[in-house]
Structures are given as structure tokens and as C-alpha cells.
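Student: Those letters in the sequence shown? Residues 4 to 183, per the working numbering, in order.
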Amino acid sequence: MRTLTPAQAMQTAQEWGFLIARTKSGESAFGTLSRRTQRLVLAYVAELGFTLLDDAPIFRSRGFAPGPKGGRPRAGVPYTKDSLVDDFADVRRMVFGEKEKRRLMDMRRSGAVEANAGGASVEAIAAKMGNSIDDSKALQKTYMPVNLAAVRAADQSRRAGRKALAEERNEYKKLKLSGK
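1. From the DSSP output, in three-state form, read off Pro-69 for me.
2. Below 8 angstroms on the Cβ atoms is my contact criterion, and I expect Leu-36 with Gly-20 to pass it. Report the Cβ-Cβ distance as a whole number of Å.
3. Please report the residue range of the beta strand (DSSP E) in which Ala-46 lies.
4. How many whole angstroms separate the CB atoms of Tyr-82 and Arg-63, which I take to be in contact at a CB cut-off of 8 angstroms?
5. In angstroms with no decimal places, state the Cα-to-Cα distance between Arg-165 and Glu-117.
6. Alpha helix (DSSP H) containing Leu-87: first to last residue?
7. I'd like the list of long-range same chain contacts for Asp-58, defined as Cβ closer than 7 angstroms, with 5 residues on each side in sequence excluded.
Spelled out as C-alpha cells, the structure:
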């Protein structure tokens, strides 16, 4: 997120997002944004006060405005790994309170958990995340721990399968009895 640039932004017929190459895996990923998030990103860029070059990181630190005691103003700069984590923690505390402990890295995990609970295949989740979660049991344990929604979805699939198999057996019995 901290290195996203305007050149990586892409619009398809149905969604808007960022096409990136993951640093760790070298895999391509397309991070889609909801309409609300798209509006927020565009509003953020409009309020920067300058035009971003295509290869300039979009998201920037808060910078510094002098207070009553003075000081030198400092414009926001592209985030470093640590400064983004620190700013995220500050915003999290302001919005959700001191007891909230989610971290920036938890967003990838919660997205994978939601996709898994919604029935997405491991291969689809790997394509979305731009990693090899489909080949790695360790990544699956990290990003897709057991969750009740996925268990319920599996139970529902089992019930549907059981019903389909029973109907198939009944059809076979009817065919056998009729001599066909």
C-alpha cells in the first residue's frame, strides 16, 4: 500500500484498483477497491495540494505544521514501512479507541478469511493476494485459520451433496426396478 503509484491504478469494466507485482513472491496482484474506498483515495489525492507524477507514491506521511512555539514546516513524504505502521496505529486509536489492537498487516488476513468464508477457492484467494497460498499449507494456516462461517459453508455443501447422492441412489433404484 505504501508504494502504490498513479501508474499502477487501473480501471476495468467493473472495478477500480491497483495492479502490482508483489515484492516477496514476484506474483502479480490486482487490489480492487470498493466504490467508497475509490472515492476516498481520489479525495485524498485531490487534497494533497500538488500533482502526483505517475511513478510517485500516492500515500504520504502527515508532515509537520508549526505550532505556537514555531518550528519549520515539513511537507509529507512517501511512507517508510515504520512510519505507515505508526500512522495507522494513531488513526486506529482515534477511531476505535485504545483497546483496539488490529494492525495494518491484519487486513490481508481478514480479506482472506472473508473470501474463504464466502466460498472462494484457495486458487482464487492466491490470485487475489499475489502469493502461493494455494501451494503452501503454512500460508493457509496463517491467512485462513478455521472460522465458523467456512465450517458452516462446508456443512451446507455436505448437506447438499448428501441430498444429491440420495436422489441419485433413488433414481438408480427406480431404474433398476423398472428393468432399464
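C-beta: ideal position from N, C-alpha, C; glycine also.
Tutor: According to the structure shown:
1. Taking the first residue of the sequence shown as position 1, residue 69 is located at position 66. Here Pro-69 sits in coil by DSSP.
2. For the purposes of this step, residue 36 is identified with residue 33 of the sequence shown, where counting begins at 1. For the purposes of this step, residue 20 is identified with residue 17 of the sequence shown, where counting begins at 1. Sure, about 5 angstroms apart at Cβ, within 8 angstroms.
3. Against the sequence shown, residue 46 aligns to sequence position 43. That residue, Ala-46, is in no beta strand (DSSP E); its alpha helix (DSSP H) goes 38–49.
4. Position 79 of the sequence shown, counted from the start, is the residue given in the question as residue 82. Position 60 of the sequence shown, counted from the start, is the residue given in the question as residue 63. Sure, about 7 angstroms apart at Cβ, within 8 angstroms.
5. Taking the first residue of the sequence shown as position 1, residue 165 is located at position 162. Taking the first residue of the sequence shown as position 1, residue 117 is located at position 114. Cα to Cα, Arg-165 sits roughly 26 angstroms from Glu-117.
6. As a first step, residue 87 must be located in the sequence shown, where it is residue number 84. Start and end: 84–99.
7. Position 55 of the sequence shown, counting from 1, holds the residue named residue 58. These residues qualify, in order along the chain: Thr-8, Ala-10.
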